[in-house]
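Chemist: Just so you know, the sequences run in chain order V and P.
With the working numbering as the guide, the letters of the first sequence map in order to residues 68 to 357.
With the working numbering as the guide, the letters of the second sequence map in order to residues 19 to 152.
Sharing a structure with you now.
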Amino acid sequence: MASLKDLRNRIASVKATQKITKAMQMVAAAKLRRAQAAAEAARPYALRMNKVLANVGASAQGNPSASPLLIGNGRDKTHLLIVCTAERGLCGAFNSSIARLARDKAKSLMEEGKTVKIICVGKKGQDLLKRQFDKQIIDFIDLRGLKNISFADADGIGQKVIKLFGAGEFDVCTLFFSRFRSVIQQFPTGLQLIPAQIPQGDNVGTTSYTYEPDEEDILSTLLPRNISTQIYSALLENAASEQGARMSAMDNATRNAGEMIKKQTMQYNRTRQAMITKELIEIISGAEAL
Amino acid sequence: MATFSFELVSPERLLFSGEVNSVVVPGTEGTLTVLAQHEPFMTSIRPGIITITQADGHHEQHFIRGGFCDVASEGLTILAEQAIPVKDVSEDVLNHEVELAEAEFEASQNPEERRAAAEKLAQIIELRHIPLPW
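What follows is the structure in structure tokens.
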């Protein structure tokens, strides 16, 4: 049986751990609020963008000379997966569930005989995918130094992707991230970026627009813009999801530590009582023997 | 005067939403004023200043760096690349914009890009010279 001193040490160390997890939970809660506000503030833009795209894109979709960003370049050979994860761990299954989704997709694509290329945004995703897909990872984008994600950061990634597409490096691009629903619910999602998925609007075709400059010119600026917007909102959703996941993971850890402390304190008290009883018996039986 | 609903959004947030009398928009092919009952219309925007006249006659101005203007039957939506209320625009902000545009110009490779970047640079420099009404 563990000695009293051992037990005391063990309780002290669990208590110290609990303090850390508690602090992390509170930090995550504060960050979550900010991340959530940022994600919500960015939503109107993405929404309007979708609406505009639905209006403009629907008419251009049937046109074979439309931008390849919209209708694809006609091939389906090389797939680019952009995997957005967190920079830090200790947030439950957040990183691994995104990585798993990307891994499954990559595997099934490779089984179909397609070429897969991966861009990792966030260090954890790279760590998780490196072992299996070392050759496929073509780039790694580090967001660690950034406190808040700005549109310019997402735009940088978008420009890079478009450049690769222009150079014929890939044919289809899919973005992986976690959609934020609530603190306890985040959904890992795969979203196809190129060719663009045109949302189905209600009033498609009913309004005839006048364009200035012409439709193609607008589309050629609108489509790259849309890719950056999608990446931006994915990064923001991801940031909120990460903090949410971390908060609930740390909440669990704090609770588990509490239970452990309770159990061990009980054991400590029992052991102490047993020792006292033992000593008393020794004294009494010693006195009786005289 | 008839009013219509107007929304100004940038990637970061929603800057303005409400009923307005008119909005002056710096389109790429020329400045235009949108009034109520405008026909469905879409244009890209050059860097410049949009002036909003609200239903109660108040004016509001925002500096925007490029974007799209979408006039539909339900109202006007401006998707700005970046939007700053004019009262927050200082010499430094504009200087920074000029630097950005210059960097873009330097980085451009084909003549088409170069022309577009040069145009943008010229537009921002021009903005620096007009006295802003604050």
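Backbone N, C-alpha and C fix where the C-beta goes; we use that ideal spot for every residue, glycine too.
These figures come from a predicted structure and were not determined experimentally.
Got a sec, what are the start and stop residues for the alpha helix (DSSP H) Asn215 (chain V) sits in?
Modeler: That residue, Asn215 (chain V), is in no alpha helix (DSSP H); it is neither H nor E in DSSP.
Chemist: For a test of the three-state rule: what should DSSP assign to Asn293 (chain V), helix, strand or coil?
Modeler: Reduced to three states, the DSSP call for Asn293 (chain V) is helix.
Chemist: So, at 7 Å on beta carbons, what are the nonlocal neighbours of Leu195 (chain V) in its own chain, with the 5 sequence-adjacent residues on each side left out?
Modeler: For Leu195 (chain V), where only same-chain residues beyond five positions count, the Cβ hits under 7 Å are Asn162, Ser163 and Ala166.
Chemist: Mind checking if Ala263 (chain V) is an interface residue toward chain P, Cβ cutoff 8 Å exclusive?
Modeler: For Ala263 (chain V), the answer is no, since every Cβ of chain P falls outside 8 Å of its Cβ.
Chemist: I want to verify the contact list: residues of chain V whose CB lies under 7 Å from the CB of Val27 (chain P), in sequence order.
Modeler: Those are Pro111, Tyr112 and Arg115, listed as they occur along chain V.
Chemist: Three-state secondary structure (DSSP) at Lys329 (chain V)?
Modeler: Three-state result, Lys329 (chain V): helix.
Chemist: Pick helix, strand or coil for Val89 (chain P), following the three-state DSSP scheme.
Modeler: It is a strand residue.
Chemist: Looking at the structure shown, is Arg246 (chain V) part of a helix, part of a strand, or coil, going by DSSP?
Modeler: DSSP places Arg246 (chain V) in strand when its eight states are reduced to three.
Chemist: In chain V, which residues lie with their C-beta within 9 Å of the C-beta of Thr95 (chain P)?
Modeler: Correct list: Arg115, Lys118 and Val119.
Chemist: Where does Tyr299 (chain V) sit, in a helix, a strand or coil, going by DSSP?
Modeler: Note: Tyr299 (chain V) maps to helix in three-state DSSP.
Chemist: Taking the straight line between their C-alpha atoms, what separation do you get for Ile294 (chain V) and Leu260 (chain V)?
Modeler: Going from the Cα of Ile294 (chain V) to the Cα of Leu260 (chain V) covers about 7 Å.
Chemist: Would you say Leu303 (chain V) and Ile216 (chain V) are within 8 Å of each other, going by their C-beta atoms?
Modeler: Yes, the Cβ-Cβ distance between Leu303 (chain V) and Ile216 (chain V) is below 8 Å.
Chemist: Starting from Val116 (chain P), trace the alpha helix (DSSP H) in both directions and tell me its first and last residue.
Modeler: Per DSSP, Val116 (chain P) belongs to the alpha helix (DSSP H) from Glu109 to Ala125.
Chemist: Quick one: grab the DSSP three-state call for Gly192 (chain V).
Modeler: Correct three-state label for Gly192 (chain V): helix.
Chemist: Check whether the region 70 to 90 of chain P touches the region 28 to 46 of chain P, counting contact only when three or more Cβ pairs, one atom from each stretch, lie closer than 8 Å.
Modeler: Counting Cβ pairs under 8 Å, three or more are found: they touch.
Chemist: Report the neighbours of Thr277 (chain V) on chain P: residues whose CB is nearer than 8 Å to its CB, in chain order.
Modeler: Glu57, Pro58, Phe59 and Met60, listed in chain order.
Chemist: For the beta strand (DSSP E) that Pro135 (chain V) lies in, which residues bound it at each end?
Modeler: Element bounds for Pro135 (chain V): not the beta strand (DSSP E) but the alpha helix (DSSP H), Pro135 to Ile138.
Chemist: For a contact defined as C-beta to C-beta under 7 Å, what are the partners of Thr288 (chain V) on chain P?
Modeler: Within chain P, the residues near Thr288 (chain V) are Ser62.
Chemist: Residues of the region 21 to 49 of chain P with a CB closer than 8 Å to any CB of chain V: list them in chain order, please.
Modeler: Hits within the stretch, in order: Glu25, Val27, Ser28, Pro29, Glu30, Arg31, Leu32, Gly45, Thr46 and Glu47.
Chemist: Exposed or buried, which one is Trp152 (chain P) when buried takes at least 16 other CB atoms within 10 Å?
Modeler: Its pLDDT being 45, under 50, Trp152 (chain P) is placed unreliably by the model, and nothing is read from it.
Chemist: Keeping to the same chain, check which residues put their C-beta closer than 6 Å to that of Ser57 (chain P); ignore five residues upstream and five downstream.
Modeler: Note on identity: in this sequence residue 57 (chain P) is Glu, with Ser being the wrong assignment. If we look at Glu57 (chain P) and ignore the five residues flanking it on each side, it has no Cβ neighbours.
Chemist: Tell me where the alpha helix (DSSP H) around Tyr171 (chain V) begins and ends.
Modeler: Looking at the sequence shown, residue 171 (chain V) is not Tyr but Asp. Element bounds for Asp171 (chain V): Phe161 to Glu178.
Chemist: Can you pull the chain V residues whose beta carbon is under 7 Å from the beta carbon of Phe123 (chain P), in chain order?
Modeler: What Phe123 (chain P) touches in chain V: nothing, since even the nearest Cβ is about 16 Å away.
Chemist: Hey, does Tyr335 (chain V) have any beta-carbon neighbour from chain P nearer than 8 Å?
Modeler: Taking Cβ atoms only, chain P never reaches closer than 8 Å to Tyr335 (chain V), which makes this a no.
Chemist: Using C-beta distances below 8 Å, list every residue in its chain close to Glu120 (chain P), excluding the 5 sequence neighbours before and after it, in chain order.
Modeler: Result list for Glu120 (chain P): Leu139, in chain order.
Chemist: Per the DSSP calculation, Val41 (chain P) is bridged to which residue(s)?
Modeler: DSSP output for Val41 (chain P) lists P:Val52 and P:Ile70 as bridge partner(s).
Chemist: How about Asp88 (chain P): is its C-beta nearer than 8 Å to some C-beta of chain V?
Modeler: Closer than 8 Å to some Cβ of chain V, the Cβ of Asp88 (chain P) qualifies, so yes.
Chemist: So who's on the other strand from Pro103 (chain P), going by DSSP bridges?
Modeler: Looking at the DSSP assignment, Pro103 (chain P) forms a beta bridge with P:His80.
Chemist: Taking three-plus beta-carbon pairs below 8 Å as touching, is the region 207 to 222 of chain V in contact with the region 230 to 243 of chain V?
Modeler: No: fewer than three Cβ pairs fall under 8 Å.
Chemist: Return the residue from the list V:Lys184, V:Asp220, V:Gly156 and V:Asn305 that minimises the CA-CA distance to Lys191 (chain V).
Modeler: Answer by Cα proximity: V:Gly156.
Chemist: What does Ile285 (chain V) touch in chain P if you count any residue whose Cβ is under 9 Å from its own?
Modeler: Result: Met60, Thr61, Ser62 and Phe86.
Chemist: Can you tell me the Cα-Cα spacing of Ile265 (chain V) and Cys240 (chain V), whole angstroms?
Modeler: Rounded to the nearest angstrom, the two C-alpha atoms are 15 Å apart.
Chemist: Looking only at its own chain, which residues have a Cβ that is under 8 Å from the Cβ of Ala105 (chain V), when we skip the five neighbours before and after it?
Modeler: Once the five neighbours on either side are set aside, the close Cβ partners of Ala105 (chain V) are Asn215, Ile216, Leu303, Ala306 and Ala307.
Chemist: Just confirm the distance between the C-beta atoms of Thr152 (chain V) and Gly180 (chain V), as a whole number of angstroms; I'd bet it's less than 8 Å.
Modeler: Not quite, the Cβ-Cβ distance comes to about 27 Å (not below 8 Å), so this is no contact.
Chemist: How about Pro280 (chain V): is its C-beta nearer than 8 Å to some C-beta of chain P?
Modeler: True, the Cβ-Cβ gap to chain P drops below 8 Å.
Chemist: If you drop the 5 nearest sequence neighbours on each side, which residues of the same chain put their C-beta closer than 8 Å to that of Gly66 (chain P)?
Modeler: Excluding residues within five positions, the ones whose Cβ falls inside 8 Å are Pro44, Thr49, Phe81, Ile82, Gln141 and Leu145.
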